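S.K.: Questions regarding the structure given below will be posed in turn.
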Amino acid sequence: MTKKVKRSVAPFYLVAALWLAWALLLPLYRPLDYVLAAVASVVAFIIGKAIWPDKTYQIADPEAEKKATEKKEPPKKEQAQTPPEPKAERQSTGDPELDGLLKQRDMALSEMRRLNDSIQDEKLSAQIDHLEATTKKIFDLVVEKPAKKSQISRFMNYYLPTTLKLLNAYDRMDAAGVSGTNIDGTMGRIEQSMDTVVSAFDRQLDALFGDEALDISTDITVLENLLAQEGLSGDQMTAQS
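For the sequence shown, numbering that gives the first Met the number 0 gives the first residue as 0, with consecutive numbering after it.
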């Protein structure tokens, strides 16, 4: 693991604001004026550091992991000489619409995995794991029952691409390595919105089971009525005994 420090730029902005205010409101033409302004700048910088400290977090060191893997598993010459097998392409279902769904599913899941590997925040990473699993279940269920495709049109055309857009924006801002009002504020709003997004994805999956739940409820009611007519219900058998 490598320690990475995200320097806060807020203290520098505070010092700049101090000099601007000093030049507008106080005299700044004697050496003593500059000395006082410099002392005030140091104090402002220290206060700014206390309010907006630098952020430190750990990131994986790919070189160290590679060396550790090489030590544990010596390279196998026979495997190195054998050319890799080409990846098996996904077979067509014969239905262009289903093939399109599967392609969109694979692209979305691949992008979620890439973002999850890049984003270091533990809570957000766990939420992306959940979104990936839920998205796969939604698409798989629609592929199994194509009649349900109309129920996920808004999910495919807006909810899913917008979620990926927000996560990509978070990833780019986090990779910038600086702190500021725009970056910190936007990243914070994205983090807060993910709870709502996760809940929305879960509700979309639950809605796809609406017809099945209704059918099962009807079957249970009919079964209970038939058992009651035949004197085989639990309450009747208890009364007879």
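Here a beta-carbon is modelled for each residue, glycine too, at the ideal position from N, C-alpha and C. Source: prediction; values computed, not measured.
1. State whether the stretch 132-151 contacts the stretch 185-205, with contact taken as three or more CB pairs (one from each stretch) at a distance under 8 Å.
2. What residue from L31, K48, L17 has the CA that sits closest to S7's CA?
3. Count the C-beta pairs between the stretch 218-228 and the stretch 179-195 that are closer than 8 Å, then say yes if the count reaches three, no if not.
4. I think K135 touches L114, with their Cβ atoms under 8 Å apart; what is that distance to the nearest whole Å?
5. Out of A15, F11, E110, point me to the one whose CA is closest to T161's CA.
6. Just to confirm my understanding: we take S124, look at its own chain, exclude 5 residues before and 5 after, and list those with CB closer than 8 Å. What are they?
7. From Y12 to K147, what does the alpha carbon distance come to, in whole angstroms?
8. On the CB-based measure, 16 or more other CB atoms within 10 Å of its CB, does I45 come out buried or exposed?
9. Check whether the Cβ atoms of F208 and L130 lie closer than 9 Å to each other.
10. Which residues in the same chain have their Cβ closer than 6 Å to the Cβ of L165, if we skip the five residues on either side of it in sequence?
11. Under 9 Å, do W21 and A9 count as touching if we go by C-beta distance?
12. Helix or strand or just coil, what does DSSP make of K144?
13. Are L25 and A36 closer than 9 Å when you measure CB to CB?
14. Can you check the stretch 152-180 for any alpha helix (DSSP H) of at least 4 residues that lies completely inside it and give the ranges in chain order?
15. Should D194 be labelled buried (16 or more other beta-carbon atoms within 10 Å of its own) or exposed?
16. DSSP on R104, reduced to helix/strand/coil?
17. Using only alpha-carbon positions, find the residue among I151, V41, Y33, T185 that is nearest to N167.
18. For V256, which residues from the same chain have a beta carbon less than 6 Å from its beta carbon, with the 5 sequence-adjacent residues on both sides left out?
M.R.: Let's see:
1. yes
2. As a working mapping, residue 7 is identified with position 8 in the sequence shown. Nearest of L31, K48, L17 to S7, Cα basis: K48.
3. no
4. Reading the sequence shown from its first residue, position 136 is the one you call residue 135. Reading the sequence shown from its first residue, position 115 is the one you call residue 114. The pair is not a contact, with the Cβ atoms about 15 Å apart (cut-off 8 Å).
5. In the sequence shown, residue 161 corresponds to position 162, counting from 1. It is E110 whose Cα lies nearest to the Cα of T161.
6. As a working mapping, residue 124 is identified with position 125 in the sequence shown. For S124, where only same-chain residues beyond five positions count, the Cβ hits under 8 Å are N115, I118.
7. The sequence position of residue 12 within the sequence shown is 13, counting from 1. The sequence position of residue 147 within the sequence shown is 148, counting from 1. Distance between the alpha carbons of Y12 and K147: 54 Å.
8. Walking along the sequence shown from the start, residue 45 turns up at place 46. Classification of I45: exposed, given that the 10 Å Cβ count is below 16.
9. One-based indexing of the sequence shown puts residue 208 at position 209. One-based indexing of the sequence shown puts residue 130 at position 131. Cβ atoms of F208 and L130: not closer than 9 Å.
10. As a first step, residue 165 is located in the sequence shown; it is residue number 166 there, counting from the start. Excluding sequence neighbours, L165 sits near I189.
11. Against the sequence shown, residue 21 aligns to sequence position 22. Against the sequence shown, residue 9 aligns to sequence position 10. For W21 and A9, no; Cβs fall outside 9 Å.
12. Here residue 144 refers to the residue found at position 145 of the sequence shown. K144: coil per DSSP, three-state reduction.
13. Taking the sequence shown and counting its residues from 1, one reaches residue 25 at position 26. Taking the sequence shown and counting its residues from 1, one reaches residue 36 at position 37. Contact flag set, yes.
14. 159-175
15. To locate residue 194, count along the sequence shown from 1; it is residue 195. Per the 10 Å Cβ criterion, exposed.
16. On the sequence shown, position 105 is the one that residue 104 refers to. Three-state result, R104: helix.
17. Position 168 of the sequence shown holds residue 167. Comparing Cα-Cα distances from N167 to each of I151, V41, Y33, T185, the minimum goes to T185.
18. Here the chain comprises residues numbered 0 to 240, so residue 256 is not present and cannot be evaluated.
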